[in-house]
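Numbering (UniProt numbering), first residue to last: 1 to 121. Each residue gets a CB set at the ideal place from its N, CA and C atoms; glycine is no exception. Note that the structure is a prediction, hence the values are computed from the model and not measured. All remarks here apply to the structure that follows.
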Amino acid sequence: MAGIKVMVIDDSKTIRRTAETLLSRRGCEVITAVDGFEALAKIADHQPQVIFVDVMMPRLDGYQACALIKNNPRFRDTPVVMLTSKDGLFDRARGRIVGSDRYLTKPFTRDELFEAIEALI
């Protein structure tokens with residue numbers, strides 16, 4: 001996983017730090033953002049290879065952020081993994097509709113995080 005650019009978008013400082021620590025230890029370059037607006041600006045600059053996005057965020061939620069990423073021809077093929085504490089069928093379907101590639105339920109494990117990246121890269 002060394003050298004893979006990963007973006008983590010979450011309004012929870014704890015989730016961002018945890019993911020950043022776990023991924024950095026595996027050699028990933030990690031970019032973080034507190035919400036969808038900040039993430040959209042950083043995506044263009046850093047061009048991550050995988051994006052993890054929290055569903056429930058202020059201003060621009062994860063579904064909206066994913067839809068904007070996937071509707072941009074430049075980033076259409078960038079894998080997006082939805083992060084959420086909601087594990088319902090409706091939530092998963094909504095994630096698929098906006099173009100997410102995977103769905104991880106919080107709290108996620110280190111192995112689930114790594115497996116998601118390995119499956120998508």
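Near residue i, which residues of its chain fall below 6 Å by C-beta distance, leaving aside the five closest residues on each side in sequence?
| i | result |
| --- | --- |
| VAL98 | TYR63, CYS66 and ALA67 |
| PHE52 | VAL8, VAL81 and LEU83 |
| ALA19 | VAL8 |
| MET1 | ARG26, GLY27 and CYS28 |
| GLU115 | none |
When you compare the CB positions of residue i and residue j, do they come within less than 8 Å of one another, or not?
| i | j | result |
| --- | --- | --- |
| GLN49 | LYS5 | yes |
| LEU40 | LEU113 | no |
| ASP11 | ASP54 | yes |
Please look up how many angstroms separate the CB atoms of residue i and residue j, rounded, as I've assumed it's under 8 Å.
| i | j | result |
| --- | --- | --- |
| GLY27 | GLY3 | 6 Å |
Can you list, in chain order, the residues of its chain whose CB lies under 7 Å from that of residue i, leaving out five sequence neighbours each side?
| i | result |
| --- | --- |
| PHE75 | ILE43 and ILE69 |
Suppose the cutoff is 8 Å on Cβ atoms and the five residues either side in sequence are ignored; what does the same chain contact list for residue i look like?
| i | result |
| --- | --- |
| PRO79 | GLN49, VAL50, ILE51, ASP101, ARG102, LEU120 and ILE121 |
Name the DSSP bridge partner or partners of residue i?
| i | result |
| --- | --- |
| THR84 | THR105 |
| THR32 | VAL8 |
| ASP54 | LEU83 |
Check whether the region 81-92 touches the region 101-110, counting contact only when three or more Cβ pairs, one atom from each stretch, lie closer than 8 Å. yes
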